[in-house]
Structure formats: structure tokens, C-alpha cells
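Chemist: I have a structure here, written as C-alpha cells, and I will follow up with some questions on it.
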Amino acid sequence: MGGRVADDFDEPSKVHETILPTLTLSVLGGVGGTDVDSLATPTGLPTPAAAVLRELERAKPAAEGGAKPERRGARRGDLIGNRYVVEGQIGRGGMGRVMRVRHQVLGKPFALKLIKAPIADKTRIREMFYREARLASALTHDNICSIVDFGEDPAFGLFMVMELLEGNTLHGKLRHDGRFAPKVACDIMWQIVEAVRYIHSRTIIHGDLKSENILLTRTPDRRRVVKLLDFGLARPDVGHRTERIEGTPEYLAPERIRTGSPASTATDIYALGILFYELLTGELPFRGTVEEIFRQAVDQRVPRVSDRIDDPTFDERADEIIQRATAHDPDERHPDAGNFQYELRTLMNMLGMDVTRRRVGSVDPVVGSRRGRLGNRERGGAEVFEQAPIPLASVDRHGAVRVANAAFLEFLGAAGRAAGLSLADSGLTEVYPALMDDLGTALDRRGTIKRIIYLSEGGGVVVQVAVILTAAVTDAAITAGEIHIALHPLARLENDGDE
1 MGGRVADDFD EPSKVHETIL PTLTLSVLGG VGGTDVDSLA TPTGLPTPAA AVLRELERAK
61 PAAEGGAKPE RRGARRGDLI GNRYVVEGQI GRGGMGRVMR VRHQVLGKPF ALKLIKAPIA
121 DKTRIREMFY REARLASALT HDNICSIVDF GEDPAFGLFM VMELLEGNTL HGKLRHDGRF
181 APKVACDIMW QIVEAVRYIH SRTIIHGDLK SENILLTRTP DRRRVVKLLD FGLARPDVGH
241 RTERIEGTPE YLAPERIRTG SPASTATDIY ALGILFYELL TGELPFRGTV EEIFRQAVDQ
301 RVPRVSDRID DPTFDERADE IIQRATAHDP DERHPDAGNF QYELRTLMNM LGMDVTRRRV
361 GSVDPVVGSR RGRLGNRERG GAEVFEQAPI PLASVDRHGA VRVANAAFLE FLGAAGRAAG
421 LSLADSGLTE VYPALMDDLG TALDRRGTIK RIIYLSEGGG VVVQVAVILT AAVTDAAITA
481 GEIHIALHPL ARLENDGDE
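According to my numbering, the stretch in the sequence shown is residues 1 to 499, in order.
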């Protein structure tokens, strides 16, 4: 993918189509989200997704029909992938084991998922593994477990490396301690919906939302953080019907049981409703054998929480959210995760919860930790920043986004939040290769750098955009040591077809 950056607003001599579909649509058409089809081709992908797909190709067996090496279970001290030393086992599941490992060179601990040897060579399992690696590694969100590496070891088979998280699954916590208080349930639910809203904005369906795939962790200051795990059944939302019904019976929507219809946004919404019920009651609405669960899900409505618990702090608005999310008719459910979240916000406000602080570990477009103390003048400035039509942000030397307005987040297709975003991993570096160097230069020289980039609008039309990098003043209360970024469309140009 070609690209051109002009120094200091010089005039363009040639125009090229140089930008990823995500950025083109976001800036020029106001549409966020990742073009999942583009993930199939390593070229034209933001780092690290392209590297991940190249590694996938290298990870495939050299000779599908040839002799396969004998494999054994990993033990303490074993070296996996020539770089991860096994320190112990964290957990075990139907697909394999999760090991605690340490990178041999970096010395940093990670969690490594190792697929069981007897099933690792099955075509379907390998396809699920490749799909999960491809999708999950392209996702960056506070409430989603990060995939940092993967591969295939001759002795141990397929492995996937994740950030090491300390905590318990939601399933384990419920089984050990019982149901959550309504306010705690809402806080957990809010973070789950944040993650689902993010992946849906990437046109990805999870397909297996359940309490076993959700981890509860704590930050160093003891704030609760929810992490969504396991994208083994996740897939682009292409609406293809499959012969098998994949998923966990207790969370499957009625239409999937009746007709085998594919996973969709509506079926993920249904699973959110089941999760909310489970958080509030400590149990699943339908239990028994698989056949009994399927029959109940198709013939009965999810019971009302108010009929199952006696809690004076419970607000029946939660029942309304659950009943809508689990409606038998998909058209009667919340149309999207954002709508579910809106109703959840209303409930949380009625419970006296500060929804503006629900984004655990993130940086709100308006600085969340100070928002409640801002005076009218500061609030006005924050609102101007947030509602400005041009993308504005503040980042550190390495491109980590600290603060961003809605237009900037939409430009990157970031689903309305700044936490976890890095310009180094974004498609912006495809059209502006010197971006990271310029960030350091602007900060070191305490000055301003101006560039021109060209974004394809399609149909031979290219938009000329000014990028302005300015080092924050050293005495800035919040952004000292950071670089402010502004992107300003200048002109729409007709491509004459010259190379």
C-alpha cells in the first residue's frame, strides 16, 4: 500500500489511494469499524494484524499428509515456541490447558493456551484456532483479554499467548459466592456490554458469551475490571448458516435452537440478557439436560428476577432490560449493544451510580477523574473539545492515546473510547510512515510539525488532510509530556490516474 506525506503543507504533485478502508470511511463517510474481510490479506493491514497473519501461514503444517511429530503435555521448565518457559498450570478446559509462562528474553510473564494434542490436528479445531488468533489479536480494548503471540510448537502443538490476568471467572465467582448485589451486577454488566459493543463495531460476533468466558480482575488500586475471554467461536458477521449449532446451550437464543440460524448481533444480545439474569440471581434461567434446556428456551420466557430474589435494593427496571434482551422474537430485542447500554445507564442512574466513571482504566474524552470537579468554564472547554468536528487527541511519545474527542475515535474506528489505543498499531501509520518519528521530534524540540496526508474517498476522489503535531506545554496539568494531534480536511481532489 503506497502513501505520501508532504512536509510543512507543500503542494501535492500526485495523488494516490493510500489509506485503509476503515480510516477512509471513518474520516470521509463518518462510519467506524474494521473491514473484517481485509483481515484475510496481510498487506493492507495495520500492525500487528499483518504480522499475525503471516505467522499463521508459517504455523501451518508443512505437509498436511506427512508424518506428524509425537506430542506430549507441557511441564514446568519446558520451552514452548523457543521463547516461553513453562512455570505452571493456571487452568484446564475442554480444548486444552492454560499455562503460566515467562518470555525467555523479556522476562515478562504471560498466560499460554495450549490446545490438546489429540484434537489439535483436527481440521475444525485448527480452523477455530486460526480464526480466534486472527480476530482476537486485532482487538484492543480494556475489557478484552489481549492476544500477544501464537504459533505451533513441534513438541507441544498449537499455542496462543495472552496477557496474564489474575482473578476468577465470573462462573467460578458465582458458584463460590452466589449472586451479586444489584449495583455490583450493573458495574460488571456495563463492562461486558462495553466489550461487546466494541467487537460488534468491528462487525465481529462473539457467539459464545457466557460466565465462563468472563474474568474478574482488579487493578493495583483495587478497582474491578472485567475481561472478555475466548474468541474461539467468534467470526465476522457474514450471516452464514452452519450445519452444527455451536455455543453453550444455556445461552443460545431460541431461533438458533429452532432453525440452526447463525450467530448474530441479536443472539449476542440474548446472551447478554442471560448473563444479567445470572449475575442478579446466581443461577441460570434454564437448567437440565441439553434437550431440557433447549425445550425450556424455546417454550418459555426467561423468569423475572423479581420472582426469584428478595432484595429491597433491586430495581425492576433490570427485569425490563432482561425481558427485552431475551425476547423470543429477535426483532423485539435491543437493536444493538449500545441500546442495551443506554437502558443499563438509566438503571444505574436510578441506583445512584456514577455512570461517567464506569470505564475502568480508560481515559474518557473528557478527563473522567476530574469531571465531577470541573467548573462551568472548564466544562465548556471540555465540551468544545469533545464536540469539535475535526479529530483531536493527545498521545505520548510512543503513540498511546491518552485523550481523544469523538471525531478522533471515529476516525480510528475506536468504538467511542480512547483506552488501549496506540497510533503505532493503527492504519494511520500506513499513510503517514514517519508519524512515530515525528511524535518524538515534536516532543524533543517542544515545537509544532505540520504534514499533509491523502485519504482515498473512492471513485477517484482523494481528500487532502493536514496533520498538526504540537508538544504540550511543560506546565500542563494533565497533558504535560504529551503531543497534541489535530487532523483537518483541506480539499477534495480528483485523481487524474497518474502514478
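Yeah, the Cβ is synthetic: ideal placement off N, Cα and C, and Gly gets one too.
Express the C-alpha separation of Gly91 and Cys145 in angstroms, rounding to a whole number.
Modeler: The count along the sequence shown starts at 1 and reaches residue 145 at position 145. The count along the sequence shown starts at 1 and reaches residue 91 at position 91. Approximately 16 Å between the Cα atoms of the pair.
Chemist: Output the residue ranges of the alpha helix (DSSP H) runs that lie fully inside the segment 191-216 and measure 4 residues or longer, sorted by chain position.
Modeler: none
Chemist: With 16 as the cutoff for other CB atoms within 10 Å, does Glu152 come out buried or exposed?
Modeler: Counting from 1 along the sequence shown, the entry for residue 152 is found at position 152. By the neighbour-count definition (other C-beta atoms within 10 Å, threshold 16), Glu152 is a buried residue.
Chemist: Quick one: which unbroken alpha helix (DSSP H) runs of 4-plus residues sit fully inside the segment 71-152? Chain order, please.
Modeler: 117-120 and 123-136
Chemist: Do Phe411 and Ser487 count as a contact pair if the criterion is CB distance below 8 Å?
Modeler: As a working note, residue 487 is residue 487 in the sequence shown. As a working note, residue 411 is residue 411 in the sequence shown. The displayed chain sequence assigns Leu, not Ser, to residue 487. Going by C-beta atoms, Leu487 is nearer than 8 Å to Phe411.
Chemist: Helix, strand or coil: which one does DSSP assign to Val506?
Modeler: Outside the displayed range of the chain (1 to 499) lies residue 506, so it cannot be described from this structure.
Chemist: Identify whether Thr259 lies in helix, strand or coil by the three-state DSSP scheme.
Modeler: Counting from one through the sequence shown, the residue named residue 259 turns up at place 259. Thr259 falls in the helix class under three-state DSSP.
Chemist: By how many angstroms is the C-alpha of Val85 removed from the C-alpha of Phe314?
Modeler: Taking the first residue of the sequence shown as 1, we reach residue 314 at position 314. Taking the first residue of the sequence shown as 1, we reach residue 85 at position 85. Those two C-alpha atoms are separated by around 48 Å.
Chemist: How far does the beta strand (DSSP E) with Val463 in it extend, from its first residue to its last?
Modeler: For the purposes of this step, residue 463 is taken as residue 463 along the sequence shown, with counting starting at 1. Looking at the DSSP string, the run of the beta strand (DSSP E) that includes Val463 is Val461 to Ala471.
Chemist: Taking Ile483 and Ala466 to be in contact with their CB atoms under 8 Å, please state how far apart those CB atoms are, rounded to whole angstroms.
Modeler: On the sequence shown, residue 483 is found 483 positions in, with the first residue counted as 1. On the sequence shown, residue 466 is found 466 positions in, with the first residue counted as 1. 16 Å between Cβ atoms; not a contact.
Chemist: Does the pairing of the segment 148-166 with the segment 325-334 give three or more beta-carbon distances under 8 Å?
Modeler: no
Chemist: Inspect the CB distances between the segment 279-291 and the segment 174-184 and report whether three or more fall short of 8 Å.
Modeler: yes
Chemist: By how many angstroms is the C-alpha of His200 removed from the C-alpha of Pro220?
Modeler: Here residue 220 refers to the residue found at position 220 when the sequence shown is read from its first residue. Here residue 200 refers to the residue found at position 200 when the sequence shown is read from its first residue. Straight-line Cα distance between these residues: approximately 30 Å.
Chemist: For the segment 435-453 and the segment 387-407, state whether three or more C-beta atom pairs, one from each stretch, are separated by less than 8 Å.
Modeler: yes
Chemist: Anyone know if the C-beta pair for Arg224 and Asp187 falls short of 8 Å?
Modeler: Here residue 224 refers to the residue found at position 224 when the sequence shown is read from its first residue. Here residue 187 refers to the residue found at position 187 when the sequence shown is read from its first residue. Contact flag set, yes.
Chemist: Taking the C-alpha atoms as reference points, what is the distance between Thr346 and Ile274?
Modeler: The sequence position of residue 346 within the sequence shown is 346, counting from 1. The sequence position of residue 274 within the sequence shown is 274, counting from 1. Going by the C-alpha atoms only, they are around 19 Å apart.
Chemist: Helix, strand or coil for Tyr251, going by three-state DSSP, please let me know.
Modeler: Working through the sequence shown from its first residue, we reach residue 251 at position 251. Correct three-state label for Tyr251: helix.
Chemist: Taking C-alpha atoms, which residue in Asn213, Gly447 and Ala480 lies nearest to Arg402?
Modeler: Along the sequence shown, read from residue 1 onward, the residue named residue 402 stands at position 402. The shortest C-alpha separation from Arg402 is found at Ala480.
Chemist: In angstroms with no decimal places, state the Cα-to-Cα distance between Pro335 and Glu87.
Modeler: Indexing the sequence shown from 1 puts residue 335 at position 335. Indexing the sequence shown from 1 puts residue 87 at position 87. Using only the alpha carbons, I get a separation of about 45 Å.
Chemist: Roughly how many angstroms lie between the CA atoms of Asp354 and Phe276, to the nearest whole one?
Modeler: Sequence index remark: in the sequence shown, residue 354 carries index 354 (1-based). Sequence index remark: in the sequence shown, residue 276 carries index 276 (1-based). Whole-angstrom Cα-Cα distance: 19 Å.
Chemist: Determine the direct distance from the alpha carbon of Glu343 to that of Pro182, and round the result to whole angstroms.
Modeler: Position 182 of the sequence shown holds residue 182. Position 343 of the sequence shown holds residue 343. About 15 Å.
Chemist: Thinking C-alpha only, which one of Arg222, Ser306, Pro312 and Lys116 is nearest Gly501?
Modeler: Nothing can be reported for residue 501: it is not among the residues displayed for the chain, which extend from 1 to 499.
Chemist: In chain order, what residues of the same chain have a beta carbon less than 7 Å from the beta carbon of Ala327, not counting five sequence neighbours either side?
Modeler: On the sequence shown, residue 327 is found 327 positions in, with the first residue counted as 1. Closer than 7 Å at the Cβ level, and outside the excluded window around Ala327, lie Arg333.
Chemist: For Asp230 and Leu139, what's the separation of their Cα atoms in angstroms?
Modeler: If you number the sequence shown from 1, residue 230 lands on position 230. If you number the sequence shown from 1, residue 139 lands on position 139. Approximately 12 Å, taken between the alpha carbons.
Chemist: Take Thr217 and list the residues in its own chain whose beta-carbon comes closer than 7 Å to its own, dropping the five residues that flank it on each side.
Modeler: Residue 217 sits at position 217 when you count from the first residue of the sequence shown. For Thr217, where only same-chain residues beyond five positions count, the Cβ hits under 7 Å are Leu165, Glu166, Gly167, Val225 and Lys227.
Chemist: Measure the C-alpha to C-alpha separation of Gly178 and Met189 and round it to an integer number of angstroms.
Modeler: Taking the sequence shown and counting its residues from 1, the one referred to as residue 178 is at position 178. Taking the sequence shown and counting its residues from 1, the one referred to as residue 189 is at position 189. Each residue's CA atom was taken as its position, placing Gly178 and Met189 some 16 Å apart.
Chemist: Secondary structure at Tyr342, three-state DSSP: helix, strand or coil?
Modeler: As a first step, residue 342 is located in the sequence shown; it is residue number 342 there, counting from the start. It is helical.
Chemist: Note down the Cα distance separating Ala424 from Met436, rounded to an integer number of angstroms.
Modeler: Counting from 1 along the sequence shown, the entry for residue 424 is found at position 424. Counting from 1 along the sequence shown, the entry for residue 436 is found at position 436. Ala424 and Met436: Cα-Cα distance of roughly 7 Å.
Chemist: Would you tell me roughly how many angstroms separate the C-alpha atoms of Val196 and Ala337, rounded to the nearest one?
Modeler: Mapped onto the sequence shown, residue 196 falls at position 196. Mapped onto the sequence shown, residue 337 falls at position 337. Straight-line spacing of the CA atoms in Val196 and Ala337 works out to 7 Å.
Chemist: Val148: which of Gln341, Ala155 and Phe159 sits nearest, CA to CA?
Modeler: Within the sequence shown, the letter at position 148 stands for residue 148. Answer by Cα proximity: Phe159.
Chemist: Among the candidates Asp311, Pro254, Asp319 and Glu278, whose CA atom is the shortest distance from the CA of Glu292?
Modeler: Here residue 292 refers to the residue found at position 292 when the sequence shown is read from its first residue. Relative to the Cα of Glu292, the nearest Cα in the group Asp311, Pro254, Asp319 and Glu278 belongs to Pro254.
Chemist: For Asn349, does the three-state DSSP call read helix, strand or coil?
Modeler: For the purposes of this step, residue 349 is taken as the residue at position 349 of the sequence shown. It is helical.
Chemist: Among the residues of its own chain, which have a CB less than 6 Å from the CB of Arg100, if the five just before and after it don't count?
Modeler: Counted from its first residue, the sequence shown places residue 100 at position 100. Closer than 6 Å at the Cβ level, and outside the excluded window around Arg100, lie Glu87, Gly88 and Ile90.
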